[in-house]
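The next block holds one structure in the form of structure tokens; read it before the comments.
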């Protein structure tokens with residue numbers, strides 16, 4: 005497991021700050037490590053990426069209207085809550101794997 009995956013998993017467990025950007029990073033890392041993230045500990049990050057591909061990442065938000073950001077933030081909050089248990093489980097598996105190596 006990469007040090008970057010461990011760092012991002014810890015960040016997701018500690019805070020919702022930069023949630024979407026961190027999920028996307030873990031999705032990309034899962035694809036890099038396994039060729040594709042499906043059926044791995046990174047699977048949930050691919051699911052969330054697919055569900056949120058229309059929402060703005062941090063670097064795009066400065067170009068969005070306040071109204072669009074309000075709607076996006078509301079939707080992202082709902083997605084975070086819906087997937088919270090799955091994200092916590094996946095992050096803990098990533099951290100557990102790193103400690104067993």
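In the numbering used here, the protein residues as written are 5 to 105. All C-beta atoms in this analysis are idealised placements derived from N, C-alpha and C, irrespective of residue type, glycine included.
Residue i - containing alpha helix (DSSP H), residue span
| i | result |
| --- | --- |
| residue 31 | 23 to 38 |
| residue 54 | 47 to 55 |
| residue 14 | 7 to 18 |
| residue 58 | From DSSP, residue 58 is part of no alpha helix (DSSP H); its letter is neither H nor E. |
Nearest-angstrom beta carbon gap, residue j and residue i [assumed within contact, 8 Å]
| i | j | result |
| --- | --- | --- |
| residue 48 | residue 87 | 6 Å |
| residue 22 | residue 62 | 6 Å |
Closest by C-alpha distance to residue i, when choosing among the options
| i | options | result |
| --- | --- | --- |
| residue 60 | 14, 24, 34, 90 | 24 |
| residue 31 | 54, 83, 76 | 54 |
| residue 34 | 18, 56, 58, 9 | 9 |
| residue 84 | 52, 64, 74 | 52 |
| residue 37 | 7, 58, 66, 17 | 7 |
Meets three-Cβ-pair contact criterion under 8 Å: the stretch 93 to 102 and the stretch 8 to 22: Between the stretch 93 to 102 and the stretch 8 to 22, the count of C-beta pairs closer than 8 Å reaches three or more; the two stretches touch.
Inter-stretch contact at 8 Å, needing at least 3 Cβ pairs: the stretch 34 to 50 / the stretch 88 to 95: Per the Cβ contact rule, the stretch 34 to 50 is in contact with the stretch 88 to 95 (3 or more Cβ pairs under 8 Å).
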